[in-house]
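>
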DNA sequence: TGTACATCAGTGAACGCGCGTTCACTGATGTAC
DNA sequence: TGTACATCAGTGAACGCGCGTTCACTGATGTAC
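Residue numbers (the working numbering), protein chains in the order written: chain A, 2 to 205; chain B, 2 to 205.
Okay, structure coming up:
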């Protein structure tokens, strides 16, 4: 095993830069994010990142893509732990969405409230679509296979908006009354809120 | 009437800077906002703003306060045009919230998704509290005077989250299917969505 | 009504700073023979 | 197994840029007498 400090070549600077970027984002916010700051955090000269990312946008774009993938993973983890019916799975998925927003404040902001990543990038748009598609499918399963398209659209919009609203408000500290509740009560409250908007499961 | 171009003294540079700042925000986003850019837009040397705003944060803080006041005005305007019962007034208020987010994208982002304004500032925190208080009162009126506090909290959170979620998702272009609908259909869809989460009016 | 003076809002040159970007370089690694 | 060489990932000095901030200044306005 080699000691990292002895190495002139970093080994996996690309990965290290992504981790550094996440930290940088956490501490400085999207608005104060710099490439030089990331290089410093990764323990590397400020010119080194150029070998891996064209510019700050490229780094933020890759980080946003990674963010979307983790965002989806969290939701899937929650879903897989839920009772195997569309309603409970959808509810779990929503709780995962909110949990991600709370635990990864900076990433959540990056993927939902920033113009800095390049959304035309193939990797990023693929990752974001995967996340959104998963959510749509969950709602569709819940609305029932032959619900009219118009109803499905309303269901999707309502469910997504509710979950996203809770996540964004908690994330920006505006629903402190929820965040302040003890673990179990918080969960119960979130369930009550999200549950209120889920379409009733159809039985056909 | 004096011609503005003949004046060495601007007349009301403070106000002009606020308007310039809103434009700057609209075009460059919170992330690219500069004081020098605002000065240029206001047609004034870059050192002039210092007489009115200590720094960029002070200007953004004043702008955010102004944003919250307008945000509340729009909601009140909508409410006053609605049938005078708690449910319709609340619904109207929510539509006003969403309307503001759509028409003042930059301001909405500034007040809900940016760390740059100083929220400890008295004027700003007063303006934001006024907006939030108004909303809480609307929900409280709808929940009925003697609803248990816990239910009111859930009602507030659910209503706020739903409205805010729709507003934020439309604002960031993620509910295109709603934005793309023709005027009347869009309104109907929004009503259906927001209405779904409003607590039933109590009659006691 | 006129003059002197204080006040205030603006100018524009200058500064230091951190940023992104470029460039010649150097050290480490992998491969051909 | 050893040597020569190409490749690649890093360094660090240098640059130009736009930023915020400071400063001596100047032009306009209001007021005292």
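Yeah, the Cβ is synthetic: ideal placement off N, Cα and C, and Gly gets one too.
Given a limit of 7 Å on CB to CB distance, which residues of the segment 147 to 163 of chain B reach chain A?
Against chain A - using a Cβ distance shorter than 7 Å - the residues of the segment 147 to 163 of chain B are 154, 155, 158, 159, 161, 162, 163.
> Are any of the Cβ atoms in chain B nearer than 8 Å to that of residue 145 of chain A?
To locate residue 145 of chain A, count along the first chain from 1; it is residue 144. No, residue 145 of chain A lies away from the interface with chain B (no Cβ there is under 8 Å from its Cβ).
> Strictly below 8 Å CB to CB, what residues from chain A border residue 194 of chain B?
One-based indexing of the second chain puts residue 194 of chain B at position 193. What residue 194 of chain B touches in chain A: 155, 158, 159, 162.
> Taking the alpha carbon of residue 194 of chain B as the reference point, which residue from B:30, B:38, B:133, B:93 has its own alpha carbon closest?
Here residue 194 of chain B refers to the residue found at position 193 when the second chain is read from its first residue. Per the Cα distances, B:93.
> Would you check if there are 3 or more beta carbon pairs closer than 8 Å linking the segment 125 to 141 of chain A to the segment 116 to 124 of chain B?
Not touching, per the Cβ criterion.
> Excluding the 5 residues flanking residue 45 of chain A on each side, which residues of the same chain have their C-beta closer than 7 Å to its C-beta?
Numbered from 1 along the first chain, position 44 holds the residue referred to as residue 45 of chain A. Closer than 7 Å at the Cβ level, and outside the excluded window around residue 45 of chain A, lie 11, 14.
> Hey, is residue 32 of chain A's beta-carbon within less than 8 Å of any beta-carbon in chain B?
Reading the first chain from its first residue, position 31 is the one you call residue 32 of chain A. Yes, its Cβ sits closer than 8 Å to a Cβ of chain B.
> Can you tell me whether DSSP reads residue 172 of chain B as helix, strand or coil?
Mapped onto the second chain, residue 172 of chain B falls at position 171. If DSSP states are grouped into helix, strand and coil, residue 172 of chain B belongs with the helices.
> Whole angstroms is fine: what's the gap from residue 81 of chain B's alpha carbon to residue 166 of chain A's?
Along the second chain, one-based indexing puts residue 81 of chain B at 80. Along the first chain, one-based indexing puts residue 166 of chain A at 165. In a straight line, the C-alpha of residue 81 of chain B is about 25 Å away from that of residue 166 of chain A.
> Do you know offhand how far residue 69 of chain A's Cα is from residue 175 of chain A's?
In the first chain, the residue the question calls residue 69 of chain A occupies position 68. In the first chain, the residue the question calls residue 175 of chain A occupies position 174. Their backbone Cα atoms lie some 23 Å apart in a straight line.
> What are the residues of the segment 94 to 118 of chain A that lie near chain B, defined by any Cβ-Cβ distance shorter than 8 Å?
The segment 94 to 118 of chain A vs chain B, Cβ under 8 Å: 110, 113, 114, 115, 116, 117.
> From A:101, A:190, A:198, A:36, pick the residue whose C-alpha is nearest to that of residue 162 of chain A; which is it?
Residue numbering aside, residue 162 of chain A sits at position 161 when the first chain is read from its first letter. Of A:101, A:190, A:198, A:36, the residue nearest in Cα terms is A:198.
> Spell out whether any CB of chain A is found under 8 Å from the CB atom of residue 42 of chain B.
Indexing the second chain from 1 puts residue 42 of chain B at position 41. No, residue 42 of chain B lies away from the interface with chain A (no Cβ there is under 8 Å from its Cβ).
> Locate the alpha helix (DSSP H) running through residue 89 of chain B, then write down its first and last residues.
Walking along the second chain from the start, residue 89 of chain B turns up at place 88. Run containing residue 89 of chain B: 87 to 104, per the alpha helix (DSSP H) assignment.
> In whole angstroms, give me the CA-to-CA distance for residue 1 of chain A and residue 191 of chain A.
Nothing can be reported for residue 1 of chain A, as the shown portion of chain A is limited to 2 through 205.
> Please work out which residues of its chain come closer than 6 Å, Cβ to Cβ, to residue 72 of chain A, disregarding the five sequence neighbours upstream and downstream, and give them in chain order.
Within the first chain, the letter at position 71 stands for residue 72 of chain A. Cβ neighbours of residue 72 of chain A beyond the five flanking positions: 101, 132.
> Let's test the definition: count the other Cβ atoms within 10 Å of the Cβ of residue 51 of chain B and tell me whether it reaches 16, buried, or not, exposed.
Numbered from its first residue, the second chain carries residue 51 of chain B at position 50. That one is exposed.
> Give me the subset of the segment 172 to 199 of chain A whose CB atoms are less than 7 Å from a CB atom of chain B, sorted by chain position.
Those would be 173, 176, 178, 179, 190, 193, 194, 197, 198, in chain order.
> Could you compute how far the alpha carbon of residue 20 of chain B sits from the alpha carbon of residue 53 of chain B?
The count along the second chain starts at 1 and reaches residue 20 of chain B at position 19. The count along the second chain starts at 1 and reaches residue 53 of chain B at position 52. Rounded to the nearest angstrom, the two C-alpha atoms are 14 Å apart.
> Against chain A, does residue 7 of chain B count as a neighbour if the rule is that its beta carbon must be under 8 Å from one of theirs?
Taking the second chain and counting its residues from 1, one reaches residue 7 of chain B at position 6. Because the pLDDT of residue 7 of chain B is 48, which lies under 50, any placement of that residue in the model is unreliable, and the number read from its coordinates should be weighed accordingly. Answer no: the Cβ-Cβ gap between residue 7 of chain B and chain A never drops below 8 Å.
> With a 10 Å radius around its C-beta and 16 neighbouring C-beta atoms as the bar for buried, classify residue 5 of chain B as buried or exposed.
Position 4 of the second chain, counted from the start, is the residue given in the question as residue 5 of chain B. Because the pLDDT at residue 5 of chain B is just 40, under 50, the model does not fix this residue reliably, and the value given afterwards should be weighed accordingly. Exposed.
> How would you call residue 2 of chain B, buried or exposed, if buried means at least 16 neighbouring beta carbons within 10 angstroms?
Against the second chain, residue 2 of chain B aligns to sequence position 1. Residue confidence is low: residue 2 of chain B scores 33 on pLDDT, short of 50, so the model does not pin down where it sits. Its coordinate-derived value is still stated next. It is exposed - the Cβ of residue 2 of chain B has fewer than 16 other Cβ atoms within 10 Å.
> Span of the alpha helix (DSSP H) holding residue 44 of chain B?
Residue mapping note: residue 44 of chain B aligns to position 43 of the second chain, counting from 1. Element bounds for residue 44 of chain B: n/a, residue is neither H nor E.
> What are the start and end residues of the alpha helix (DSSP H) that includes residue 139 of chain B?
As a working mapping, residue 139 of chain B is identified with position 138 in the second chain. Segment 123 to 144, the alpha helix (DSSP H) holding residue 139 of chain B.
> Output the distance between the C-alpha atoms of residue 75 of chain B and residue 99 of chain B, rounded to the nearest integer angstrom.
Reading the second chain from its first residue, position 74 is the one you call residue 75 of chain B. Reading the second chain from its first residue, position 98 is the one you call residue 99 of chain B. For residue 75 of chain B and residue 99 of chain B, the distance between alpha carbons rounds to 10 Å.
> For my contact list, residue 31 of chain B and residue 111 of chain B are in at a C-beta cut-off of 8 Å; report their separation, rounded to the angstrom.
As a working note, residue 31 of chain B is residue 30 in the second chain. As a working note, residue 111 of chain B is residue 110 in the second chain. With 8 Å as the limit, residue 31 of chain B and residue 111 of chain B qualify as a contact, their Cβ atoms being about 6 Å apart.
> Grouping DSSP H, G and I as helix and E and B as strand, with all else coil, what is residue 182 of chain A?
Translated into the one-based positions of the first chain, residue 182 of chain A becomes position 181. Residue state, collapsed to three classes: coil.
> Chain A partners of residue 68 of chain B, CB-CB under 7 Å?
Within the second chain, numbered from 1, the residue matching residue 68 of chain B stands at position 67. Within 7 Å Cβ-Cβ: nothing; residue 68 of chain B doesn't reach chain A, min ~15 Å.
> Tell me, please, whether the CB atom of residue 127 of chain A is closer than 8 Å to any CB atom in chain B?
One-based indexing of the first chain puts residue 127 of chain A at position 126. No, its Cβ sits nowhere closer than 8 Å to a Cβ of chain B.
> Consider the Cβ of residue 12 of chain B: report whether some Cβ of chain A lies at a distance smaller than 8 Å.
Stepping through the second chain from its first residue, residue 12 of chain B is reached at position 11. No, its Cβ sits nowhere closer than 8 Å to a Cβ of chain A.
> With H, G and I counted as helix, E and B as strand and the rest as coil, what does DSSP make of residue 114 of chain A?
Mapped onto the first chain, residue 114 of chain A falls at position 113. Three-state DSSP puts residue 114 of chain A in a helix.
> Closest to residue 158 of chain A by C-alpha separation, out of B:23, B:187, B:27, B:136, would be which residue?
What you label residue 158 of chain A is simply residue 157 of the first chain in a count that begins at 1. The candidate whose alpha carbon is nearest that of residue 158 of chain A is B:187.
> Does residue 60 of chain A come within less than 8 Å of chain B when only Cβ atoms are used?
Residue 60 of chain A sits at position 59 when you count from the first residue of the first chain. Judged by the 8 Å Cβ criterion, residue 60 of chain A is not in contact with chain B.
> With a 10 Å radius around its C-beta and 16 neighbouring C-beta atoms as the bar for buried, classify residue 200 of chain A as buried or exposed.
Position 199 of the first chain, counting from 1, holds the residue named residue 200 of chain A. It is buried - the Cβ of residue 200 of chain A has at least 16 other Cβ atoms within 10 Å.
> List, in order along the chain, the chain A residues whose C-beta lies closer than 7 Å to that of residue 170 of chain B?
For the purposes of this step, residue 170 of chain B is taken as residue 169 along the second chain, with counting starting at 1. Per Cβ cutoff of 7 Å: 161, 162, 165.
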